[in-house]
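Q: Here it is, the structure in full.
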Amino acid sequence: MAKKKKRTARNLMNTQTGERVAVDAVKMTQPEARAGSVSVRRPSPGISVASTLSPARLAGVLRNVTEGNASDYFILAEEMEERDLHYSSVLRTRKLTVAGIPPAVEAASDDEHDVMLADAVRDLVEQPQIPELLFDLLDGLGKGVGVCEILWDTAEVWKPRDYEWVDPRFLKPDRETQRQFRLLTDEQPVDGIPLTPGKYVMHYPRLKSGLPLRNAWHAWSR
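Shown next as structure tokens:
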């Protein structure tokens, strides 16, 4: 009997558009948002925003955010956590508190299918990587968005193998709404490409109404 050929693609729902799209099983197992020394996504920003900060410079950084240019904004947010010990301590306390809360999953009803789904979700959130995933997603408290990339195990039943924090410097808000984020690549270093459906976990802190990048704590000073 011929051996059944393994599927190399799967249709997933794009939560941003509501459309079903085909994704490559092999690519879903590999990182696509990592930094590289010869990539547009450099490990280090190469500049310091805080070191040259002035009232005019700060105004320019915040103005650029409203126009969709958030690179300096993300660099400044990171430097604030590194330089202001009190601010860093407050953020870290809140991150650790939330990440330490045990996940609770309840079935929507006593229906056998609902119970099965709840068991499957419970199995996912009880994995040892989840506390670190939550901590990394809470990076959005100081930046307006927290993103982690899912590295899938597609050998049998698809399930997350690991999660990697994505440096927000590698993301660009879309021009139309500034509510969706795109990944900067060597081929598209200005506007980026859409995030692969099913490949990322996003966290947008609801600290105030408005655009995601205006939700960061330090954005309140605007």
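Using our numbering, count along the sequence shown one by one with no gaps and you end on 1401. Just so you know, even glycine gets a beta-carbon here, dropped at the ideal spot from N, CA and C.
1) Can you tell me which of the three DSSP states residue 1369 falls into?
2) Comparing alpha-carbon positions, which option in 1227, 1203, 1340 and 1291 lies nearest residue 1258?
3) Could you give the C-beta distance for residue 1348 and residue 1247, rounded to a whole number, given that I count them as a contact under 8 Å?
4) Assuming contact is defined by CB atoms lying nearer than 8 Å, are residue 1325 and residue 1315 in contact in what I supplied?
5) Roughly how many angstroms lie between the CA atoms of residue 1271 and residue 1320, to the nearest whole one?
6) Of the residues 1212, 1393, 1187 and 1303, which one's Cα is nearest the Cα of residue 1420?
7) If we require 4 or more residues per run, which alpha helix (DSSP H) segments fall completely within the region 1310-1387?
8) Taking buried to mean at least 16 other C-beta atoms within 10 Å of its own C-beta, is residue 1329 buried or exposed?
9) Please classify residue 1371 as buried or exposed, where buried requires at least 16 neighbouring CB atoms within 10 angstroms.
10) Just reading off the alpha helix (DSSP H) that residue 1393 is part of, what are its end residues?
11) Taking only three categories from DSSP, how would you classify residue 1191?
12) When DSSP builds the beta bridges, which residues end up paired with residue 1199?
13) Could you give the distance in angstroms between the alpha-carbon of residue 1251 and the alpha-carbon of residue 1241?
14) If you run the structure through DSSP and keep just helix, strand and coil, what is residue 1279?
15) When the Cα of residue 1273 is compared with those of 1392, 1393 and 1384, which residue comes out closest?
16) For residue 1277, collect the residues of the same chain with a Cβ closer than 7 Å to its Cβ; drop the 5 residues on either side in sequence, then sort them by chain order.
A: Reading off the structure:
1) On the sequence shown, residue 1369 is found 190 positions in, with the first residue counted as 1. DSSP places residue 1369 in coil when its eight states are reduced to three.
2) Residue mapping note: residue 1258 aligns to position 79 of the sequence shown, counting from 1. Among 1227, 1203, 1340 and 1291, the Cα nearest to that of residue 1258 belongs to 1227.
3) Position 169 of the sequence shown, counting from 1, holds the residue named residue 1348. Position 68 of the sequence shown, counting from 1, holds the residue named residue 1247. Not really, about 14 Å apart at Cβ, beyond 8 Å.
4) Locating residue 1325 in the sequence shown gives position 146, counting from the first residue. Locating residue 1315 in the sequence shown gives position 136, counting from the first residue. Yes.
5) Stepping through the sequence shown from its first residue, residue 1271 is reached at position 92. Stepping through the sequence shown from its first residue, residue 1320 is reached at position 141. Distance between the alpha carbons of residue 1271 and residue 1320: 10 Å.
6) Residue 1420 lies beyond the stretch modelled for the chain, which goes from 1180 to 1401, so this question has no answer here.
7) 1319-1322
8) Counting from one through the sequence shown, the residue named residue 1329 turns up at place 150. Buried, because 16 or more other Cβ atoms sit within 10 Å of the Cβ of residue 1329.
9) Along the sequence shown, one-based indexing puts residue 1371 at 192. By the neighbour-count rule (16 or more Cβ atoms within 10 Å), residue 1371 is buried.
10) Within the sequence shown, numbered from 1, the residue matching residue 1393 stands at position 214. Run containing residue 1393: none; DSSP gives neither H nor E here.
11) Counting from one through the sequence shown, the residue named residue 1191 turns up at place 12. It is a strand residue.
12) Indexing the sequence shown from 1 puts residue 1199 at position 20. Note: residue 1199 sits in a beta bridge opposite 1192.
13) Along the sequence shown, read from residue 1 onward, the residue named residue 1251 stands at position 72. Along the sequence shown, read from residue 1 onward, the residue named residue 1241 stands at position 62. Each residue's alpha carbon lies about 9 Å from the other.
14) Within the sequence shown, the letter at position 100 stands for residue 1279. Coil, per DSSP.
15) As a position in the sequence shown, residue 1273 is number 94, starting the count at 1. Comparing Cα-Cα distances from residue 1273 to each of 1392, 1393 and 1384, the minimum goes to 1384.
16) Reading the sequence shown from its first residue, position 98 is the one you call residue 1277. 1313 and 1317.
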